[in-house]
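So the structure is just underneath, and the comments pick up after that.
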Amino acid sequence: MNAPRTRSRGVLSPAFNQWFARGWLAAGYVFLFLPIVALVIYSFNDSPIPNKWAGFTTRWYTALVKDREMLAGLWLSLRIAFYTACGSVVLGTLAAFALVKYRRFTGRTLFTGMVNAPLVMPEVIIGLSLLLMLVSVQRATGFPERGALTIWMGHLLLGMAYATVVIQARLQDLNPQLEEAAMDLGARPLQVFTLVTLPMIAQSIMSAWLLTFTLSLDDVVLSAFLSGPGSTTMPLVIFSRARLGLNPSVNAVATITVAVVATGIVVASYLIARNERNRTRDMAAASRAGG
Amino acid sequence: MKSAMKSATKSLRAMFTRGRTVVIGTPYAWLLVFFLLPFLIVLKISVSEMDGVRFKDVLTFADGLMQLTLKFSNYVFITQDDLYFKTYWSSLIYAASTTFFCLLIGYPFAYFMARAKPRLQPALLMLVMLPFWTSFLLRVYAWKGLLSENGWVADVLTFLRIDHLLLAGGLIPALDRYMNSPFSLVLGMTYTYLPFMILPLYGNLAKMDLRLLEAAQDLGATAFTAFWKVTVPLSKAGIIAGSMLVFIPCVGEFVIPELLGGPQTLMIGRVLWDEFFSNNDWPMASTVAVVMIVLILVPLAIFNRYQAQAQELRR
């Protein structure tokens, strides 16, 4: 669809509009990226006093290697995030499937509400309620102990909501004729899912995995409510340090995080673009061969 | 032949139904246990009495008498205590302000993104996603640095004499002091939730049929009128989605008020946290949570309805 050639009937000329648009976008991006840039620059500041530049140094990074608290937190967070992502994707795919494929089932409204609510519900509420439930269960049965497992449960709840949204969007856009064709050719429903549906939603499953991984890695409130002694996640370590004031070790962690995320996004975008090109090329070849 | 086909269809349907039970049942059961049940427990504990570290049973049976003991004193306390009321009100105001500023900055942003050259749009989107994927905790922490003494933003604001304006509005405690104030809180929250406003708006605006605008202009509308009478009403769903995605979590925010807020900024999320972690008063924390849920029920219902509508439209 081409952009319409708008004739200016108003006070503002098209040129002004264009520069206004560019200016707004530029200012917006500066706003979004300014904190990140500041974090990175000050991570090389040779002074524990914030905002006073005293020379270039990498000592905060070398100090990180010896920072047991942070490293232990990082390791715990990575493990929890991994399991959260895996669980969220499984539950999210099931929920997305239920919402898209099955138009009517008893209690669908409640289901939809429960699936969407964690997206917006304040985390303090989710954290408190989940903790109280787990404590009640623990008092009755002696299980589970508060720790990595309980943190995982909380993150899973949040992750599932996000995963469902992502996968559902893709599932809804799928052409149902492909699955119907497979069934006409004799495939059982499970085969239809694994051989036809799953490959088509594979990319959104991957995005959902990465999204829930990031979410879990970054979570503060749920982790604080649901953690136990000895299970301090990295965000909790950062949060307790940040509460006390400005701390260059946090800047160093931040810079590493930004570098990893930026690389990941660039690589992912490249792979997605390449995937798209290959797919359109294959489909064009198939239609040429078939025709 | 007919009976064989009939039994085949029956077994196929049975298998399908069984699979269907698993597909719907698993997430449903999980949500009931881990989402709904906890809320009911919170409700119960908010009316329970604490006995040391244990909760007294709400329903007791002794001497042939079944007794239901509901302690409503926490709720009474909340309604009577001025501070709680002020805190709830203040949280709603901060959340509304954040939503307003996110809309103010985010709508034009999403609009210009959607009207940019199609070739550029994926890159523009990626640039919005990048901060979103970077830890929000670290970015909020960064604002502590930017707004503290000699921070970049602090220096710029002081240079532009904006602190006089903010001081006059009661948004900062003193000249050149931007941290731990209503200003820093709203700035931090707007910054954090801006992508949540931009993304649904962009999704909505990008799908808009531009020929409608052409038609409006052919009918004699100025660009300005076309915008207000065509674009904005069509993007209403995106506006609502974005606003709810910002407003509802902001009401109960804890991390941002804790890092960027101060003694002046009353937020109910912090109150809940303090009741739970500092006072160890679990019934009180539960009561605070229940009242918070009641406050956000209406926006929650709006959000839920939008989600359901969006689903229907896609079919």
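Just so you know, the sequences run in chain order X and A. So the first sequence is numbered by this note's numbering: it starts at 42 and just counts up by one. So the second sequence is numbered by this note's numbering: it starts at 209 and just counts up by one. All C-beta atoms, glycine included, are put in the ideal place defined by N, C-alpha and C.
| Query | Result |
| --- | --- |
| So who's on the other strand from residue 263 of chain A, going by DSSP bridges? | A/258 |
| Please state whether DSSP places residue 392 of chain A in a helix, a strand or coil. | helix |
| Got a sec: is the Cβ-Cβ distance from residue 334 of chain A to anything in chain X below 7 Å? | yes |
| Would you decide whether residue 42 of chain X is buried or exposed? Buried here means 16 or more other CB atoms lie within 10 Å of its CB. | For residue 42 of chain X, the predicted model reports a pLDDT of 45, less than 50, meaning its position is unreliable and no value from the coordinates is stated. |
| If contacts are defined as beta-carbon pairs under 8 Å, then residue 459 of chain A and residue 504 of chain A qualify, I think. What distance do you get, rounded to the angstrom? | 6 Å |
| Helix, strand or coil, according to DSSP, for residue 327 of chain X in the structure here? | helix |
| Listed from N- to C-terminal order along the chain, which residues in the segment 339-364 of chain A have their beta-carbon within a distance smaller than 7 Å of any beta-carbon of chain X? | 339, 341, 342, 343, 344, 345, 346, 347, 349, 350, 351, 352, 353, 354, 356, 357, 358, 359 and 360 |
| Between the segment 159-178 of chain X and the segment 92-107 of chain X, are three or more C-beta pairs nearer than 8 Å? | no |
| Buried or exposed for residue 319 of chain A, going by 16 or more other Cβ atoms inside 10 Å? | buried |
| Spatial neighbours of residue 192 of chain X within its chain, please: C-beta separation below 8 Å, excluding the five flanking residues on both sides. | 121, 263, 264, 267, 268, 272 and 274 |
| If you compare alpha carbons, which of X/186, X/76 and X/87 is closest to residue 356 of chain A? | X/76 |
| In angstroms, rounded to a whole number, what distance separates the CA positions of residue 50 of chain X and residue 59 of chain X? | For residue 50 of chain X, the predicted structure reports a pLDDT of 46, less than 50, and the residue's modelled location is therefore unreliable. A value from the coordinates is still provided. Rounded to the nearest angstrom, the two C-alpha atoms are 15 Å apart. |
| Whose C-beta lies closer than 6 Å to the C-beta of residue 322 of chain X among residues of the same chain, with five residues either side of it excluded? | none |
| Residue 284 of chain X versus chain A: which residues are under 8 Å apart at the beta carbon? | 466 and 467 |
| Determine the extent of the beta strand (DSSP E) in which residue 162 of chain X is found, giving its start and end residues. | Premise fails: residue 162 of chain X is in no beta strand (DSSP E) and is neither H nor E. |
| Does any residue of chain X bring its CB to less than 7 Å from the CB of residue 239 of chain A? | yes |
| Taking Cβ to Cβ, would you say residue 301 of chain X is nearer than 7 Å to residue 477 of chain A? | no |
| Could you name each continuous alpha helix (DSSP H) segment of 4 residues or more that falls completely within the segment 206-240 of chain X, going from the start of the chain to the end? | 217-225 |
| Taking all protein chains shown into account, decide if residue 230 of chain X is buried (16 or more other Cβ within 10 angstroms of its Cβ) or exposed. | buried |
| Does DSSP classify residue 274 of chain A as helix, strand or coil? | strand |
| Would you mind giving the Cβ-Cβ distance between residue 245 of chain X and residue 208 of chain X, rounded to the nearest angstrom? I have them listed as a contact below 8 Å. | 5 Å |
| Taking 7 Å as the cut-off, decide whether the C-beta atoms of residue 156 of chain X and residue 205 of chain X are in contact. | yes |
| Identify which residue in X/202, X/88, X/201 and X/239 has its Cα closest to the Cα of residue 219 of chain X. | X/239 |
| Anything in chain X within Cβ reach of residue 513 of chain A, meaning under 7 Å, just list it in chain order. | None at all; the shortest Cβ gap to chain X is about 10 Å. |
| Is residue 95 of chain X helix, strand or coil by DSSP? | coil |
| My assumption, with CB atoms under 8 Å, is that residue 467 of chain A sits in contact with residue 283 of chain X. Please give the rounded CB distance. | 6 Å |
| I want to see whether chain X comes within less than 7 Å of residue 480 of chain A, judged by CB atoms only; does it? | yes |
| Considering only residues of the segment 452-507 of chain A, which uninterrupted alpha helix (DSSP H) runs meet the minimum length of 4 residues and lie entirely inside it, listed in chain order? | 463-468 and 476-481 |
| Is it true that the CB of residue 354 of chain A sits closer than 7 Å to the CB of residue 360 of chain A? | yes |
| Helix, strand or coil for residue 512 of chain A? Go by DSSP, reduced to three states. | helix |
| Under 8 Å between beta-carbons, which chain X residues line up against residue 461 of chain A? List them in chain order, please. | 163 |
| Looking at residue 69 of chain X and residue 151 of chain A, is the spacing between their C-beta atoms short of 7 Å? | With chain A represented from 209 up to 523, any question about residue 151 of chain A goes unanswered, as that position is not in the structure. |
| Output the distance between the C-alpha atoms of residue 333 of chain A and residue 324 of chain X, rounded to the nearest integer angstrom. | 27 Å |
| In the structure shown, what three-state DSSP assignment does residue 320 of chain X receive? | helix |
| Give a yes or no on whether the minimum CB-CB distance between residue 381 of chain A and chain X is below 7 Å. | no |
| Check the Cβ-Cβ distances between residue 318 of chain X and every residue of chain A, and say whether any is below 7 Å. | no |
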